[in-house]
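A.B. asks: With this note's numbering applied, the sequence shown has no gaps in its numbers, which climb one by one up to 109 at the end. All C-beta atoms in this analysis are idealised placements derived from N, C-alpha and C, irrespective of residue type, glycine included. Computed from a predicted structure; not experimentally measured.
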Amino acid sequence: MGWICRLCGGKLRVKVLKASIDTHNIDRKGNPSERPSKRDEIPNIKEKCIFCKKCDATYKDGTKVETVGVWKE
Numbered sequence: 037m038g039w040i041c042r043l044c045g046g047k048l049r050v051k052v053l054k055a056s057i058d059t060h061n062i063d064r065k066g067n068p069s070e071r072p073s074k075r076d077e078i079p080n081i082k083e084k085c086i087f088c089k090k091c092d093a094t095y096k097d098g099t100k101v102e103t104v105g106v107w108k109e
């Protein structure tokens, strides 16, 4: 089943934030196109946080999942 929140019994998830630079083509009106033509990820900028889908509790990067959740099969 996965990691379960100790507070409410909801399922724990991980959000990963990455920084990137998007390069877009320009349309006739001078606006950027919807889809990027190139995407470059900025190295060394990455953050993870654990959150519960049910109670919306959020734990910052570096928090061990064992301290906030319980593993259930």
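1) Taking the alpha-carbon positions, what's the P79 to I57 distance?
2) In the DSSP assignment, find the unbroken beta strand (DSSP E) run with E102 in it and report its ends.
3) Can you tell me whether DSSP reads K84 as helix, strand or coil?
4) Taking only three categories from DSSP, how would you classify S56?
5) Determine the burial state of L43: buried for a count of at least 16 other Cβ atoms within 10 Å of its Cβ, exposed for fewer.
6) Buried or exposed: which applies to V106, given that a residue is buried once 16 or more other Cβ atoms fall within 10 Å of its Cβ?
C.D. replies: So, from the listed chains and residues:
1) In the sequence shown, residue 79 corresponds to position 43, counting from 1. In the sequence shown, residue 57 corresponds to position 21, counting from 1. About 11 angstroms.
2) Translated into positions along the sequence shown, residue 102 becomes position 66. Per DSSP, E102 belongs to no beta strand (DSSP E); it is in the alpha helix (DSSP H), 101–104.
3) Taking the sequence shown and counting its residues from 1, one reaches residue 84 at position 48. In this structure, K84 counts as strand in the three-state DSSP scheme.
4) By one-based count along the sequence shown, residue 56 stands at place 20. Here S56 sits in strand by DSSP.
5) Position 7 of the sequence shown, counted from the first residue, corresponds to residue 43. L43 is exposed by the Cβ-count criterion.
6) Residue mapping note: residue 106 aligns to position 70 of the sequence shown, counting from 1. Label assigned to V106: exposed.
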